[in-house]
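So the structure is just underneath, and the comments pick up after that.
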């Protein structure tokens, strides 16, 4: 048990902005991750990095399928990840997303999923949460192929 009262991997961290040119020519691509934790069960909608932010809610597999995940999709956004098929406690997910909308007053929500049918459940959770929220937020759905290509990208606000 750590001194902050929980798992050290659950401690909230904000990462400093990275200089995109620092890795030029080295073959080392800089991460665009701005915060920790990222798993939806572990994130706090009250964290500073969610306040008024553009949020990317990504299915777990998307970062592995999309070669340019960091530079093309994550840059400038706060992140939460989830798996609509394997994760338990989806009611908690609905409440967290609702809180991001109402309490953190996020600017936009992009839900990135894979083309497989079970992945669509993540967008369904986000839409249900948005329907339960008292505030409105623009929601974008981005669907990736199994090889990481964008198949569809549409604004689908609730």
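Numbering (this note's numbering), first residue to last: 60 to 217. Don't be surprised by glycine CBs; every beta carbon is placed ideally from N, CA and C.
For residue i, the first and last residue of its enclosing alpha helix (DSSP H)
i: residue 158; result: 149-161
Under the three-state DSSP convention, the category residue i falls into
i: residue 71; result: coil
i: residue 118; result: strand
i: residue 124; result: helix
i: residue 226; result: The displayed coordinates of the chain run from 60 to 217. Any statement about residue 226 would go beyond what the structure contains.
i: residue 82; result: Only weak support is given to the placement of residue 82: the predicted model assigns it a pLDDT of 46, under 50, and the value that follows is read from those uncertain coordinates. Helix at residue 82.
i: residue 206; result: coil
For residue i, the first and last residue of its enclosing beta strand (DSSP E)
i: residue 182; result: Careful: residue 182 lies outside any beta strand (DSSP E), inside the alpha helix (DSSP H) at 179-191.
i: residue 131; result: Segment: none, residue 131 is in no beta strand (DSSP E) and carries neither H nor E.
i: residue 213; result: 209-214
i: residue 198; result: 198-203
i: residue 140; result: 137-141
i: residue 170; result: 167-173
Inter-residue spacing [alpha-carbon to alpha-carbon] between residue i and residue j
i: residue 181; j: residue 142; result: 7 Å
i: residue 209; j: residue 144; result: 21 Å
i: residue 196; j: residue 104; result: 15 Å
i: residue 231; j: residue 138; result: The structure shown has nothing for residue 231, since the chain only spans 60 to 217.
i: residue 175; j: residue 211; result: 13 Å
i: residue 169; j: residue 114; result: 6 Å
i: residue 172; j: residue 198; result: 13 Å
i: residue 127; j: residue 147; result: 29 Å
Classification of residue i by the beta-carbon crowding that lies within 10 angstroms, buried from 16 upward
i: residue 102; result: buried
i: residue 151; result: exposed
i: residue 200; result: buried
i: residue 88; result: exposed
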